[in-house]
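Undergrad:
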Amino acid sequence: MTIRVELAERSYEVFVGPGVRHQLAEVVARVVPEARVALIVAPASLQQLKWFDIATGLEQHVLEIPEGEAAKDFATLAFLSSEFSRRGLSRRDVVVSVGGGATTDVVGFAAAAYLRGVAVIHVATSLVAQVDAAIGGKTGINIPLGKNLVGAFHQPRAVFCDSEVLQTLPERERQCGRGEIAKCWILEGRSVADLARSTLEEQIVQSVALKSRIVSGDEREGGERALLNYGHTLAHALEAQSLAGRSLDLRHGEAVAIGIAFAVRLSRRLGLVGDVDVKYQDDVLDTLGLPRQLPTGLSIDELLLAMARDKKAHHDLTFVLATTDGFQTVANISASTVREELEAAGGVS
Ligand SMILES: NC(=O)c1ccc[n+]([C@@H]2O[C@H](COP(=O)([O-])OP(=O)(O)OC[C@H]3O[C@@H](n4cnc5c(N)ncnc54)[C@H](O)[C@@H]3O)[C@@H](O)[C@H]2O)c1
Ligand SMILES: [Zn+2]
């Protein structure tokens, strides 16, 4: 299955399905016809896996970066820039990232910055990268003051979402991807019966299609792209929380699921939707085996503070919410209303 991200001269295709990585050489020849050298970048652990047989059809070299999130820093950016230069990467050549969202983010950023922009192709190997991170051109690294604070928009030339490589992905990482799949299913209003019947590949296709469509209409997050932050206001606040000095054992996708269950209840409290909508969204989360319950022992004051600080919020307490007219960004929601719902969420069920 091929899904096109329409962005005029920056348009590209996302290939979804078992074994699509084997089309890489053919796609490289088509989308970067002048390239002579391909630099493949991946964490060491992935290079050991049986599916790591990435062939670009060009002279290729494999570079190793740290595992997961640890790679999203200036040190990796410096390392990659030096290696790109040392290996003679020119503006007509291509960089290929192979990994999860952390890898596609940092490699995408290095490609955006090196020579003010070289071509990058993402071979997305985690469910999160396949349904979210590798598509849409947002790249970046973390600094001590916050995640993803330094980055650039740099669209890839192609993205590969190969379901075969997911066979080695640990269950907890899959769960993370399912949080974003739930978000996409709900934003599209697809039925719970369809979800229960669907294969993982169909769920990936649906998520990629939604993200592609939204990015095509709003590349730089001026409007509709913000809807992809559904469930994320509380999720980001939860990710910033800790209990007794230890961070919560909650992955991003799980926090998003809890954030969705909360957001739809907040919509109901504001009179924007009714009980059927709450039940529908809960059923989607349950069908995907995702958590909905807010962890106990959290400080509501800290959650409110974190939500007001969320960088995606333009005004105090802004949420993407379900309404009878579809999903919308709703600003200026009073802190007392959000507090009431947080108190009630002690018994989300
Ligand atoms: N740019 C965007 O639009 C965007 C969107 C969503 C998330 N992100 C970013 O993506 C990152 C999260 O992505 P993630 O969840 O993929 O994390 P990740 O890249 O850290 O991958 C999670 C772990 O799974 C491993 N892994 C990946 N593929 C594997 C496979 N096939 N088999 C076995 N192990 C595998 C990785 O090596 C890593 O240890 C965050 O940094 C987040 O900020 C970016
Ligand atoms: Zn997310």
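Positions 73 to 421 (my numbering) are the ones given, in order, by the sequence shown.
Just so you know, even glycine gets a beta-carbon here, dropped at the ideal spot from N, CA and C.
Owing to the predicted nature of the structure, the values given are computational and were not obtained by experimental measurement.
1. Count the other CB atoms, across all protein chains shown, that sit within 10 Å of the CB of P216; report buried if there are 16 or more and exposed otherwise.
2. Please return the same chain residues whose Cβ sits closer than 6 Å to the Cβ of F232, not counting the five positions on each side in sequence.
3. If I'm right that F399 touches L306 with Cβ under 8 Å, what's the distance once you round it to whole angstroms?
4. For V356 and Q120, I'd like the C-alpha separation in whole angstroms.
5. Should S421 go down as buried or exposed, given a rule of 16 or more other Cβ atoms within 10 Å for buried?
6. For R364, which residues of its own chain have a beta-carbon under 7 Å away from its beta-carbon, when the five flanking residues on both sides are left out?
7. DSSP three-state label for N214, please.
8. Using the Cα positions of A142 and N214, report the straight-line distance between them to the nearest angstrom.
9. Quick check: is the beta carbon of P242 nearer than 8 Å to any beta carbon in chain D?
10. If I measure Cβ to Cβ from S284 and keep anything under 6 Å in the same chain, skipping five residues before and after, which residues do I get?
11. Could you give the DSSP three-state label for K351: helix, strand or coil?
12. Would DSSP call H304 helix, strand or coil?
13. Looking at C-alpha atoms only, which residue of A101, A416, Q313, G180 is the closest neighbour of T211?
14. Work out the CA separation of V287 and T128 for me, nearest whole Å.
15. Exposed or buried, F146, counting other C-beta atoms within 10 Å across all chains shown (16 or more means buried)?
16. Would R229 be called buried (16 or more neighbouring beta carbons within 10 Å of its own) or exposed?
17. Ligand 2 and V287: does any heavy atom of the ligand fall closer than 7 Å to the residue's C-beta?
18. For the candidate residues L111, V222, V167, L393, whose alpha-carbon lies nearest to that of K19?
19. Is the segment 268-282 close to the segment 175-189, with three or more CB pairs under 8 Å?
20. Which one of A254, G251, I276, Q313 has the shortest CA to CA distance from G369?
21. How is the alpha helix (DSSP H) around R76 delimited, first residue to last?
TA: Quick look at the numbers:
1. Counted from its first residue, the sequence shown places residue 216 at position 144. Answer is exposed; the Cβ neighbour count stays below 16.
2. Here residue 232 corresponds to residue number 160 of the sequence shown, with the count starting at 1. Excluding positions up to five away in sequence, the list reads F87, V92, R93, V195.
3. Locating residue 399 in the sequence shown gives position 327, counting from the first residue. Locating residue 306 in the sequence shown gives position 234, counting from the first residue. About 16 Å; that fails the 8 Å criterion.
4. Residue mapping note: residue 356 aligns to position 284 of the sequence shown, counting from 1. Residue mapping note: residue 120 aligns to position 48 of the sequence shown, counting from 1. Those two C-alpha atoms are separated by around 36 Å.
5. Start at 1 with the first residue of the sequence shown, and residue 421 comes out as number 349. Note on S421: pLDDT 33, under 50, position unreliable in the model; the coordinate value appears next. Classification for S421: exposed.
6. The residue given as residue 364 occupies position 292 in the sequence shown. A329, I330, A333, D354, L357, V420.
7. To locate residue 214, count along the sequence shown from 1; it is residue 142. DSSP, read as helix, strand or coil, puts N214 in strand.
8. Working through the sequence shown from its first residue, we reach residue 142 at position 70. Working through the sequence shown from its first residue, we reach residue 214 at position 142. For A142 and N214, the distance between alpha carbons rounds to 9 Å.
9. In the structure shown, chain D does not exist; there is a single protein chain.
10. What you label residue 284 is simply residue 212 of the sequence shown in a count that begins at 1. Cβ within range, chain order: I75, V77.
11. Here residue 351 refers to the residue found at position 279 when the sequence shown is read from its first residue. K351: helix per DSSP, three-state reduction.
12. Counted from its first residue, the sequence shown places residue 304 at position 232. Here H304 sits in helix by DSSP.
13. What you label residue 211 is simply residue 139 of the sequence shown in a count that begins at 1. Checking every option, the nearest Cα to that of T211 belongs to G180.
14. Within the sequence shown, numbered from 1, the residue matching residue 128 stands at position 56. Within the sequence shown, numbered from 1, the residue matching residue 287 stands at position 215. Taking the straight line from one Cα to the other gives about 27 Å.
15. Translated into positions along the sequence shown, residue 146 becomes position 74. Per the 10 Å Cβ criterion, exposed.
16. As a first step, residue 229 must be located in the sequence shown, where it is residue number 157. It is buried - the Cβ of R229 has at least 16 other Cβ atoms within 10 Å.
17. By 1-based counting over the sequence shown, the position of residue 287 is 215. No, ligand 2 has no heavy atom inside 7 Å of this Cβ.
18. In the structure as shown, the chain begins at 73 and stops at 421. Residue 19 is therefore absent and cannot be evaluated.
19. no
20. Here residue 369 is taken as the residue at index 297 of the sequence shown, counted from 1. For the residues A254, G251, I276, Q313, the minimum Cα distance to G369 belongs to Q313.
21. Along the sequence shown, read from residue 1 onward, the residue named residue 76 stands at position 4. Unbroken run through R76 is the beta strand (DSSP E), 74-77; no alpha helix (DSSP H).
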